[in-house]
Amino acid sequence: MSDLQTQKSASRWSMVGKDPYAMPIEEIDLAHPGIWQKNEYLPFLKRLREESPVHYCAKSATGPYWSVMKYKDIMEVDTSPDIYSSEPTIAIVDSFEEFTLPSFIAMDPPKHDHQRRAVQGVVAPLNLKNLESVIRERAVAILDGLPLGVEFDWVEKVSIELTTQMLAILFDFPFEDRRKLTYWSDITTAIPGGGIVETHEERWDALQDCLATFTKLWNDRVNAEPGNDLISMLAHGAATKNMPPMEYLGNLLLLIVGGNDTTRNSITGGVLALDQYPDEYEKLRGDLSLIPNMVSEIIRWQTPLAYMRRSVKVDTVLNGQHIKKGEKVVMWYASGNQDETVIDDPERLIIDRPNARRHLAFGFGLHRCMGNRLAEMQLRVMWEEIMERFGKIEVKSEPKRIYSSFVKGYSELRVMLHAK
Amino acid sequence: MVQILFKSHSGEEQWVEGSIGNSLMQVAVSNGVTGIDADCGGSCSCATCHVFVEQDWLEKLESIDPNEDAMLGLSPDRSDNSRLSCQIQITEDLDGLVVSTPEFQF
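Chains A and B are the protein sequences, given in the same order. So the first sequence is numbered by this note's numbering: it starts at -11 and just counts up by one. So the second sequence is numbered by this note's numbering: it starts at 9 and just counts up by one.
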């Protein structure tokens, strides 16, 4: 993003550069992307956890909303879909009517259950086992192509490449066009004016191209025998085969973003975290059997999606706060995963942390991440193959972070590889 | 105390002792049974303590409540004898219970 754009978008609501303890607590507005991009969000989360764990923000560019900061309160919201609805959207900003795309992440039971079940077979055990060898093959090819002793961008050469290749495989998407998937994923979550798209209309035009491409693939698959790829599952599944085009597009984008951004940023985040905590890197070199536990810890440390939003269906009380029907409630997973009352020394990466799997990054309840095992598998295989090849991944400069309070991620991480 | 047999997906068998009143998930975790993740810690909010209960024992268990039923729906390999072990309370009647763990928890 250019400096001009940063200034333009950061102007009125931004908390960048402010001391979280020096401002009136009611003015803290976590929805503004500035502090996330500048990596200044942690002390804001901490103050709210300590002083206002269910916090009302009345004045925000996104409209008023409640923030839920503590692990146990987040758990309560996430597991009470009768009170906290996922409809109409899981983003803080209400969608403009004409840009609303239905998908099962933003549906309540029973429709959610039917649509999710139509596609979750893609991560069924047999598919997962087959995918492991494919992931390893791809990871090996990517890592073997990297230079030693030369600075390069890890996000571009590794994180994007591995996750995008995986997506192309899951959709059985034309492999040479796979970077279109990356583009569609990026624009889906981008904030207009934030550097990727300028307006809602520009995003909408790009998504029409996405829909046209996938409609052609749908037509090919629906006339063929049912296959194991996601498009074929949607085209042949009882709950999804008659979906209207916008619902098809919505569910596709959900699977694209879900399978792309999140894992991409955890792959990058792991490199950054191990560089910041060299003792942990040393621990890993001494015991590679820690990799599976480290993967859970990296996912907690990174928390690639900062929040999920719910809408309250009936007046309710959460940790002493009265919340009215129709109000927005935002579960800050990024805060719950830093909750000192549940996680010791939470700012640190501790690769052999006990109970590392208890993190909130996948959510809990009915909307728990469908691709969790696939994500863990990609990260595990990646780290197994990294440790096989390289003595150290050295981070050369501060990463560039994404301008978003939703996707917690990186657009660039300059690194240099060292031999074993 | 009752005796419970866990069979892993790869065929290993492990007899463990369970205390009356604990959940089957707690028994598994405290005995280091592999194949049970229990990510949510026992609040029926994930489906990572999924087990397959041997047919003869199914009728001895309390029936599935709607919440457990919904969470089991998250497992692509759910079967007729699927249960979440955090929702099974150990009683005297379950001495000799046999369950197997799935290949993956979801």
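A virtual CB, placed ideally from N, CA and C, is assigned to each residue, including glycine. Note that the coordinates shown come from a computational prediction; the quantities given were computed from them, not determined experimentally.
Please return the same chain residues whose Cβ sits closer than 7 Å to the Cβ of lysine 384 of chain A, not counting the five positions on each side in sequence. Glu139, Arg402, Val403, Met404
Run of the alpha helix (DSSP H) containing arginine 402 of chain A, from where it starts to where it stops: That residue, arginine 402 of chain A, is in no alpha helix (DSSP H); its beta strand (DSSP E) goes 402 to 407.
Can you tell which of A/Val245, A/Leu278, A/Leu222 has its C-alpha closest to the C-alpha of tyrosine 236 of chain A? A/Leu222
Where does valine 81 of chain A fall in DSSP's three states? coil
What would DSSP say about arginine 91 of chain B, mapped onto helix, strand or coil? strand
For histidine 406 of chain A, which residues in the same chain have their Cβ closer than 6 Å to its Cβ, ignoring the five residues on either side in sequence? Gly379, Lys380
Assumed close pair methionine 57 of chain A, tryptophan 320 of chain A - CB separation to whole angstroms, cut-off 8 Å: 6 Å
4 or more residues per run - each alpha helix (DSSP H) lying fully within the stretch 253 to 307 of chain A: 266 to 274, 279 to 290
Member of A/Val122, A/Leu293, A/Glu14, A/Ala46 whose CA lies at the smallest distance from the CA of glycine 257 of chain A: A/Leu293
Compare the beta carbon distance of valine 302 of chain A and valine 317 of chain A with 8 Å and say whether it is the shorter of the two. no
What are the residues that DSSP puts in a beta bridge with histidine 310 of chain A? A/Val305
What separation, rounded to the nearest whole angstrom, lies between the Cα atoms of aspartate 141 of chain A and valine 305 of chain A? 47 Å
Expressed to the nearest angstrom, what Euclidean distance is found between the alpha-carbon atoms of valine 128 of chain A and aspartate 103 of chain B? 49 Å
Taking leucine 82 of chain B as the query, report the chain A residues whose CB atoms sit under 7 Å from its CB, ordered along the chain. Arg356
Spell out a yes or no on whether the stretch 256 to 271 of chain A and the stretch 325 to 341 of chain A are touching, meaning 3 or more CB-CB pairs, one atom from each, closer than 8 Å. yes
Cβ-Cβ separation, glycine 43 of chain B to serine 16 of chain B (assumed contact under 8 Å), whole Å: 5 Å
Can you tell me where the beta strand (DSSP E) holding tryptophan 23 of chain B begins and where it ends? 21 to 26
Classify glutamate 111 of chain B as helix, strand or coil using the three-state DSSP reduction. coil
Grab the span of the beta strand (DSSP E) containing methionine 319 of chain A for me, first residue to last. 316 to 320
If you check the beta carbons only, do isoleucine 255 of chain A and methionine 370 of chain A fall under 8 Å apart? yes
Can you have a look at glutamate 164 of chain A and say buried or exposed, based on whether 16 or more other CB atoms are within 10 angstroms of its CB? exposed
If you measure from the beta carbon of threonine 177 of chain A to each beta carbon in chain B, is any gap under 8 Å? no
What residue from A/Leu158, A/Val146, A/Glu38 has the CA that sits closest to glutamate 373 of chain A's CA? A/Val146
Return yes when the Cβ of leucine 354 of chain A is within less than 8 Å of the Cβ of proline 97 of chain A, no when it is not. yes
Going by beta carbon distance, what residues of the same chain come within less than 7 Å of isoleucine 287 of chain A, once the five residues before and after it are set aside? Ser254, His347, Ala349
With distances taken between CB atoms, is the gap from methionine 95 of chain A to isoleucine 123 of chain A smaller than 8 Å? no
Other residues of its chain near threonine 411 of chain A: CB distance less than 7 Å, five sequence neighbours each side excluded: Since the displayed chain A opens at -11 and closes at 408, residue 411 of chain A lies outside it and no answer follows.
I'd like to confirm the pairing. Which residues does DSSP put opposite histidine 43 of chain A in its beta bridges? A/Ser55
Residues, ordered as in the chain, of the stretch 110 to 136 of chain A that lie near chain B by beta-carbon distance below 7 Å: Val111, Ala112, Pro113, Leu116
How would you list, in chain order, the residues of chain B whose beta-carbon sits under 7 Å from the beta-carbon of glycine 353 of chain A? Ser53
Whose CA, out of A/Leu33, A/Leu150, A/Gly182, A/Ile157, lies closest to the CA of isoleucine 21 of chain A? In the sequence on display, residue 21 of chain A carries proline and not isoleucine. Nearest option by C-alpha distance: A/Gly182.
For threonine 109 of chain B and aspartate 45 of chain B, I'd like the C-alpha separation in whole angstroms. 10 Å
Cβ of aspartate 103 of chain B within 8 Å of any chain A Cβ: no
Going by beta carbon distance, what residues of the same chain come within less than 8 Å of alanine 212 of chain A, once the five residues before and after it are set aside? Ser220
With C-beta atoms as the reference, is threonine 251 of chain A less than 8 Å away from threonine 151 of chain A? yes
Cα-Cα separation, asparagine 156 of chain A to leucine 105 of chain B: Correcting the residue type first, residue 156 of chain A is alanine in the shown sequence and not asparagine. Straight-line Cα distance between these residues: approximately 44 Å.
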